[in-house]
Amino acid sequence: MKAKIRKGDTVEVISGRLQDKGKRGEVIRMLPAEGRVVVQGINLRKKNQKETRTQGRQSLSPGIIEFEAPISISNVMLVCPVCSQVTRVGIMRSETDIQRVCKKCQARFD
Ligand SMILES: [Zn+2]
């Protein structure tokens, strides 16, 4: 896995929990050590937030908060920014640069 998906990319859920399958969202966090990504609006969990006070930070107000739980990177595929199709990503190397290539429309991006 060499950075075929990056923060800020749009991805589509291809497997995993049924209700999120087929949904698209932006990658908001990469967890490379765990092979997971956090995708905006995907795999939402609710948690009860008790009022907490941490040093130097604002206290969080109590209540139910929703947050995106990480999902396995193998459960998502990149959505090409050019053709908007779910695609495999190729890597093009030149002497100075590494660019990703959409295998559907052959567009290079980055
Ligand atoms: Zn494309």
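Heads up, the sequence shown is in this note's numbering, so the first residue is 475 and it goes up one at a time.
For each residue, glycine too, the CB sits at the ideal point set by N, CA and C.
Rounded separation between isoleucine 545 and isoleucine 539 - CA only:
19 Å
Just to confirm, does threonine 511 get its C-beta within under 7 Å of one of the non-hydrogen atoms of ligand 1?
According to the sequence provided, residue 511 is valine. The question's threonine does not apply to it. Between ligand 1 and valine 511, a heavy atom-to-CB distance of less than 7 Å is absent.
Looking at ligand 1, does it come within less than 7 Å of glutamine 573, judged from the CB to the closest heavy atom?
no
In DSSP terms, what serine 546 is bridged to
DSSP output for serine 546 lists Arg510 as bridge partner(s).
Taking the alpha carbon of glycine 496 as the reference point, which residue from Leu552, Glu508, Lys520 and Met504 has its own alpha carbon closest?
Leu552
Could you check which residue in Gln573, Arg519, Pro555 and Gly564 has the C-alpha nearest to that of threonine 484?
Per the Cα distances, Pro555.
If you count every other CB in all the chains shown that lies within 10 Å of the CB of isoleucine 479, and 16 or more means buried, which is it?
buried
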